[in-house]
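Quick note: our numbering has the sequence shown finishing at residue 642, numbered continuously throughout.
Heads up, the beta-carbon is just placed ideally off N, CA and C, and yes, glycines get one too.
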Amino acid sequence: MKYNLKMKNNVYENDNLKDLRDLIQLYKNKYLKLSAFEYKLKPTDKELIVKTFEEFVTDIEDFGSYMLKNNFKRVAIISPNRYEWCVSYLAATTSNIEVVPLDKSLPLNEVSDLLERSEADTIIYAKQYHEAITSCQNKICFDEKFEDSLLYSEELDKSRKLDHTEYNNIKIDNEKMSVMIFTSGTTSISKAVMLSQKSICTVINDTKRMFYVPKGSRFLSFLPLHHVFESVITFLFGSSLGVTLIFCDGLKYFASNIKDYNITGFVCVPLVIEMIYKRIIKELEKKKKLKLVNFLRKIFRHTSIKTRRKVFKQIFDNIGPNLQSIIAGGAALDKDTAQGLYDFGFDVYQGYGLTETSGAIAAENKYVKKPGSVGFPFSSSEIKIFEPDKTGEGEIIIRGDAVMLGYYKNEEATKSAIIDGWFHTGDLGKMDKKGILSVTGRKKDVIVFKNGKKVFPEELEKLINDIQYINESMVFGHIENTKLNRNSDIVLFAEIVILPENKEKYFPNKTDEEIFEQVNEDIKNLVNRKIPAYKYIRKIIISNEELIKTTTRKIKRNKELEKIKEKLEV
Numbered sequence: 073m074k075y076n077l078k079m080k081n082n083v084y085e086n087d088n089l090k091d092l093r094d095l096i097q098l099y100k101n102k103y104l105k106l107s108a109f110e111y112k113l114k115p116t117d118k119e120l121i122v123k124t125f126e127e128f129v130t131d132i133e134d135f136g137s138y139m140l141k142n143n144f145k146r147v148a149i150i151s152p153n154r155y156e157w158c159v160s161y162l163a164a165t166t167s168n169i170e171v172v173p174l175d176k177s178l179p180l181n182e183v184s185d186l187l188e189r190s191e192a193d194t195i196i197y198a199k200q201y202h203e204a205i206t207s208c209q210n211k212i213c214f215d216e217k218f219e220d221s222l223l224y225s226e227e228l229d230k231s232r233k234l235d236h237t238e239y240n241n242i243k244i245d246n247e248k249m250s251v252m253i254f255t256s257g258t259t260s261i262s263k264a265v266m267l268s269q270k271s272i273c274t275v276i277n278d279t280k281r282m283f284y285v286p287k288g289s290r291f292l293s294f295l296p297l298h299h300v301f302e303s304v305i306t307f308l309f310g311s312s313l314g315v316t317l318i319f320c321d322g323l324k325y326f327a328s329n330i331k332d333y334n335i336t337g338f339v340c341v342p343l344v345i346e347m348i349y350k351r352i353i354k355e356l357e358k359k360k361k362l363k364l365v366n367f368l369r370k371i372f373r374h375t376s377i378k379t380r381r382k383v384f385k386q387i388f389d390n391i392g393p394n395l396q397s398i399i400a401g402g403a404a405l406d407k408d409t410a411q412g413l414y415d416f417g418f419d420v421y422q423g424y425g426l427t428e429t430s431g432a433i434a435a436e437n438k439y440v441k442k443p444g445s446v447g448f449p450f451s452s453s454e455i456k457i458f459e460p461d462k463t464g465e466g467e468i469i470i471r472g473d474a475v476m477l478g479y480y481k482n483e484e485a486t487k488s489a490i491i492d493g494w495f496h497t498g499d500l501g502k503m504d505k506k507g508i509l510s511v512t513g514r515k516k517d518v519i520v521f522k523n524g525k526k527v528f529p530e531e532l533e534k535l536i537n538d539i540q541y542i543n544e545s546m547v548f549g550h551i552e553n554t555k556l557n558r559n560s561d562i563v564l565f566a567e568i569v570i571l572p573e574n575k576e577k578y579f580p581n582k583t584d585e586e587i588f589e590q591v592n593e594d595i596k597n598l599v600n601r602k603i604p605a606y607k608y609i610r611k612i613i614i615s616n617e618e619l620i621k622t623t624t625r626k627i628k629r630n631k632e633l634e635k636i637k638e639k640l641e642v
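And the structure:
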């Protein structure tokens, strides 16, 4: 592997893919006998099913020929992560057939609405979504045969006998829409992002230039595959390097899967990484070793990663002795968590990207690490800070081949998002003198007071969530009008979630009023004392229900505000 340390975003030379058929050819040239997928049909199964790249390629080419024979034009896919999802995705895209990956967590009525909006003629799905399938001409179910649908395994068997001539002669137009992904807003306002194979392959190629992944690596597929970060980075980037993909058995099995399946790396949202770190700290506290470990962290912080892994071997043995790399995306990773895991010898890299940029377009790597940053822009992407203020903060805008074609049948939204060739992300950030990018918040989430001062909710939520009994929180601004003053300024509220198990553990035999008083007192002492007065949390609402989130664990702030609106009315 050749590398160039002078170019921090172009370190490793690698195969350059122009479309996803090049990816299939790469499998054939390099990886046929290697294990491509390992998974269980049920978490309780003892047997682990193994699929080689040779089997994977055969299934893709057979099913692609089947799709062409049946004249499919646009295929929607909805199911939990599974091998057949990956086959269907690449069978379609390598046949010049468009793919619409749908969010598996959507209510059935929203699935129906998005199917209609997508104008897909074919749906490939898991049986629990059958009732939502009303608008598609062709229906193929992964796991059950219905009167009005076909069974995936039977159709795949039929495809074995088909001639591959049409499939083999397909020429990919890598600049037209290949994948349509709906953003995570409500059905009526979610936008359909159009991605080309050129944009997807740009991200795969750029990621390969940034990271070295050793032979024999094993990635855990945990995020839903409909999410561009998971499909492009974990699935497509990983498989382009011959990585074995192991499907997680479910959230409650996540920790055990890392250890049991000898996982070497995974992509996830910061919330999961923070959960792992908190688990480590709790275990150290329980064993009364936290002070010693914190002392050792400072001593060995600047030693090699091999040394740190030896010093903290017990921690690795508990989490997963083979775990090496974790890539975080989708939100900002807490600085303390990133530093803590780095000190223990974990390679944790923060990445940045959006659906509209085909996944990641900036990331840290072995040579570029700065706590609180998202690293260097990828080599094919140009990133600027638009209209920065005195502190250098402004909107992050992006130009390059990774950027979407636009929003499907929404010219107005496309024009407002892409101006003079620059995609306006809606994220706020800064760039240092070295060109390292930091994301400071979401433009629409910033709370602005009458005097122009700003508050980023995430900053305060981090402090609140550090209180041991609080599961999660959401900070928001609310104008409180009174009879005397109808032009009051914004008041900062915090919705604080204490789930029943924490209530029972930390507040046994206490009334709701007593709990409220305790929380209020802790907010004053543990949060407000650490921040300027204008950022003080003035009022709290306590909830025993999880906040409404996307499948990548981002808080749906508007939805959550709708839910608690009645409590805010004066």
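Assignment of Ala434 by DSSP, reduced to helix, strand and coil, places it in the strand class. Apart from sequence neighbours up to five positions away, the residues of its chain that approach Lys102 with a beta-carbon distance below 8 Å are Gly314, ordered along the chain.
Where Gly549 is concerned, the enclosing beta strand (DSSP E) starts and stops at 544-551.
The DSSP assignment places complete beta strand (DSSP E) segments of no fewer than 3 residues inside the stretch 441-478 at 453-458, 466-472, in order along the chain.
For Asp131, the three-state secondary structure derived from DSSP is helix. Counting along the chain, Ile195 sits inside the beta strand (DSSP E) bounded by residues 194-197.
In the assembly as shown, His298 is a buried residue. Its beta-carbon has 16 or more other beta-carbons within 10 Å.
Secondary structure note for Arg281: its alpha helix (DSSP H) is the uninterrupted segment 269-282. With contacts defined by Cβ atoms closer than 8 Å, Phe418 and Ile399 do not form a contacting pair. Contact annotation: the stretch 475-494 does not touch the stretch 509-522, with fewer than three C-beta pairs closer than 8 Å. Rounded to whole angstroms, Lys456 and Ile469 show a C-alpha spacing of 5 Å. Asp87 is positioned such that its CB atom lies no closer than 8 Å to that of Cys273.
Ranked by Cα distance from Lys263, the first of Thr486, Arg601, Ser545 is Thr486.
Less than 8 Å divides the Cβ of Lys105 from the Cβ of Thr124. Between Ile627 and Thr255, the alpha-carbon positions lie close to 14 Å from each other. DSSP places Thr512 outside any alpha helix (DSSP H); the residue lies instead in the beta strand (DSSP E), whose first and last residues are 509-514. Residue environment: Ala605 is assigned as exposed (fewer than 16 neighbouring CB atoms within 10 Å of its CB, all protein chains considered).
Beta bridge pairing from DSSP links Gln590 with no other residue. For Leu343, the enclosing alpha helix (DSSP H) has its first and last residue at 342-358.
Taking 8 Å as the cut-off, the beta carbon of Glu346 is found closer than this to the beta carbon of Thr409. Membership of Asn240 in the alpha helix (DSSP H) is indicated by the continuous run 237-240. Per DSSP, the continuous beta strand (DSSP E) segment holding Phe109 begins and ends at 107-111.
Ranked by Cα distance from Phe319, the options Arg290, Asp415, Glu632 are led by Arg290. With a threshold of 16 other beta carbon atoms within 10 Å, Glu133 meets it and is buried.
With a threshold of 16 other beta carbon atoms within 10 Å, Gln540 falls short and is exposed. In the three-state reduction of the DSSP assignment, Ser293 falls in the strand class, which pools E and B. Of all alpha-carbon atoms in Ser268, Phe338, Leu343, Arg373, the one lying nearest the alpha-carbon of Asp415 is that of Arg373. Ala148 has Val172, Ile195 as its beta-bridge partners, per DSSP.
For His298, the three-state secondary structure derived from DSSP is coil. If you ignore the 5 residues before and after Gln396, its C-beta comes within less than 7 Å of the C-beta of Thr336, Gly337, Asp419, all in its own chain and listed in chain order.
Rounded to the nearest angstrom, the gap between the Cα atoms of Leu343 and Lys534 is 11 Å.
The C-alpha of Glu227 is placed about 14 Å away from the C-alpha of Tyr197. If you draw a straight line from the Cα of Ile353 to the Cα of Ile205, it is about 46 Å long. Per DSSP, the continuous alpha helix (DSSP H) segment holding Asp389 begins and ends at 385-391. Around the Cβ of Gln269, a 10 Å sphere holds 16 or more other Cβ atoms; the residue is buried. Short of 7 Å from the beta carbon of His236, and not among the five residues preceding or following it, lie these beta carbons of its own chain, in chain order: Glu133, Ser137.
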